[in-house]
Amino acid sequence: MKLAIWDLPPAEFLVSGFTSGAVSNPFDILRFRPEECARRLVQGEVDVALLPTTLALQAADSIDVIPSVGLVSWKYPYARLAWSGGLHDYPKTVAYDRRVSQERFIARVVLQEHYGEEPAFVPYDGLSPRQLMDTEEDAALLVGNDVPAMEVDTFSMDLGREWYELTNYPMVWGLFVTRRDQATDDLTEALVDGRKAAEENRDVWVMAQETSQRLGEFYREDLRSALDRLAIASLTELRQYMFYYDLTDEVPDLPFVFLGQGKEDDDDEGPPPEAPPSSGDQPPGSPPNFPKGDLPDLNPGGDD
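At position 236 of the sequence shown the residue is numbered 236 (the UniProt record's numbering), and the sequence of numbers has no breaks.
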């Protein structure tokens, strides 16, 4: 079986139970940018892929979500919003790589819902995070492997921490998904076993990274691999924001698959009962009507 994950260290942690040899590995693990993982899943080139959560939920009627495992965090140093004015002078425009649609959406929600600001997001092609800092826009959305170590002279906010401060839940950045009706018990059990092994060997994996103290703290304390009740509650909030901000026509479903006669996750971590909607929010509805097998535009443009 072929498994596509992001070429980022947090995603590498999710499969470290396999790569360390702690559990048997039935997968050929491939590493790509998030949007390339999605493309390969759509084209049937891989059996299961780690997809940005917003992208997966936009295609909820075309996929199945593997329970119990995902890329979850309380902070996220790999996605930062930086500008010179700080909280006393908010940006009017934000430069971003048009490929990072999920981070753009989270930044938009945080700025509008938490700070009452609605800047225009201006897409750029082929620019590194450092180059985005040098555009004529007021702010830059910085996403990628180099971002945690970037030294910036301006104010910056961690989007994972901002999501937590807005919702009181950790952000679910990625979900393991298959095409609809393609998930098997063997595939699901393998990913759940791999997640457990990764958690059991977390300290060994972190020490092997030879990373900074700040990133080491993130890997030990803030990065999570379980879709537990807090993660499900966060997904409920995210789905509602996706509807309110017109990413979906309705509040999308969470299309979890369940083990048939296979073993269950004895950690009782997923998929747990869905968190109730917040006071005044609409209850979850039907998934958007995307053509079966299709995913939404991977490269949306900027704001009008």
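A virtual CB, placed ideally from N, CA and C, is assigned to each residue, including glycine.
{"query": "Kindly indicate the opening and closing residues of the beta strand (DSSP E) around W74.", "result": "Premise fails: W74 is in no beta strand (DSSP E) and is neither H nor E."}
{"query": "From the DSSP output, which residues share a beta bridge with P52?", "result": "G174"}
{"query": "Whether or not the region 139-156 and the region 80-88 are in contact is what I'm after, with contact meaning three or more pairs of Cβ atoms, one per stretch, closer than 8 angstroms; do they touch?", "result": "yes"}
{"query": "Please return the same chain residues whose Cβ sits closer than 8 angstroms to the Cβ of W205, not counting the five positions on each side in sequence.", "result": "F13, S16, S20, A198, Y219"}
{"query": "Just list the alpha helix (DSSP H) runs in the region 4-34, keeping only unbroken ones of 4 residues or longer that don't cross its boundaries, in chain order.", "result": "9-14, 16-19"}
{"query": "Closer than 8 angstroms is the cut-off here; do at least three beta carbon pairs connect the region 188-202 with the region 87-101?", "result": "no"}
{"query": "Measure from the alpha carbon of L166 to the alpha carbon of each residue in E136, P10, K75, then state which is nearest.", "result": "K75"}
{"query": "For the ligand ATP, is there any heavy atom lying closer than 8 angstroms to the beta carbon of A4?", "result": "This structure lacks the ligand ATP; in fact it carries no ligand of any kind."}
{"query": "List the residues that DSSP assigns as beta-bridge partners of R224.", "result": "V72"}
{"query": "How would you call D304, buried or exposed, if buried means at least 16 neighbouring beta carbons within 10 angstroms?", "result": "Here D304 scores only 40 on pLDDT, less than 50, and its place in the model is too uncertain to base an answer on."}
{"query": "Does the Cβ of F243 have 16 or more other Cβ atoms within 10 Å, making it buried, or fewer, making it exposed?", "result": "buried"}
{"query": "Per DSSP, W83 forms a beta bridge with which residues?", "result": "A139, F155"}
{"query": "Here's a check: name, in chain order, each residue in its chain whose Cβ is nearer than 7 angstroms to the Cβ of I63, leaving out the five neighbours to either side.", "result": "A56, V177, T178, R179, R180, P255"}
{"query": "Do you know whose CA, among L235, E35, A4, lies nearest F27's CA?", "result": "A4"}
{"query": "Using a 10 Å radius around the Cβ and a threshold of 16 neighbouring Cβ atoms, would you call S24 buried or exposed?", "result": "exposed"}
{"query": "Should residue 348 and R214 be called a contact, given that it needs their Cβ atoms to be closer than 9 angstroms?", "result": "Because residue 348 is not part of the residues shown, which for the chain are 1 to 304, the question remains open."}
{"query": "Just verifying my parser: in three-state terms, what is the DSSP assignment at M1?", "result": "coil"}
{"query": "Note the first and the last residue of the continuous alpha helix (DSSP H) segment covering D203.", "result": "202-209"}
{"query": "Using the rule of at least 16 other Cβ atoms within 10 Å of the residue's Cβ for burial, across every protein chain shown, is D47 buried or exposed?", "result": "buried"}
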